[in-house]
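Input: a single structure, listed below in structure tokens.
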Amino acid sequence: MLASFVGWLTEQVSALCGASIALATDWVVWQLNQPFTLARLAEVAAAGLSCFGAYVIARHGNTLRSRLGWIAWLASNSLWIGFAVYNGFWAMALMQSYFLWTSFTGLKKTKEPAV
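Right, dumping it as structure tokens:
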């Protein structure tokens, strides 16, 4: 019972950490670049959609809600790559493309330790 609770807690923390990193990154980019525009608002919306998708995936496992989370996550990360390219952040675009590709193709599968 404790192991399942720790697993659940780890999933929640992982989803929230991913969300925090995405929003913090966007906030820094927002502060360092041009003033508020609709493109910036769309970037924040993409980051929020990405965070929502990651949270739904972590929370609901392999269910219909999880599939909807994957769709939201993939769409938002595709938008994120577009914004990075548009703004000239080539390193961020390459990193996000690699992350999206490895996640989509399943190359980053984690294995559960044998108990």
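Terminal number for the sequence shown in the numbering used here: 370, no gaps in between.
No residue lacks a Cβ here, since even glycine has one placed at the ideal position from N, Cα and C.
Note that the structure is predicted; figures quoted are calculated from it, not measured.
### Message
Quick check: W328 and L304, are their CB atoms within less than 9 Å of each other?
### Response
In the sequence shown, the residue the question calls residue 328 occupies position 73. In the sequence shown, the residue the question calls residue 304 occupies position 49. Using a Cβ distance threshold of 9 Å, W328 and L304 count as a contacting pair.
### Task
Could you tell me if I336 is buried or exposed, where buried requires 16 or more neighbouring beta carbons within 10 angstroms of its beta carbon?
Here residue 336 refers to the residue found at position 81 of the sequence shown. I336 is buried by the Cβ-count criterion.
### Task
Starting from the Cα of Y353, find the closest Cα among F338, N332, N342, L296 and give me that residue.
Walking along the sequence shown from the start, residue 353 turns up at place 98. Looking at the Cα atoms, N332 is the closest of the given residues.
### Query
Between the C-alpha atoms of W325 and N342, what's the straight-line distance to the nearest angstrom?
Within the sequence shown, numbered from 1, the residue matching residue 325 stands at position 70. Within the sequence shown, numbered from 1, the residue matching residue 342 stands at position 87. Their backbone Cα atoms lie some 25 Å apart in a straight line.
### Message
With a threshold of 7 Å on Cβ separation, who are the neighbours of V340 within its own chain once the five nearest residues in sequence on each side are excluded?
### Response
Mapped onto the sequence shown, residue 340 falls at position 85. A348.
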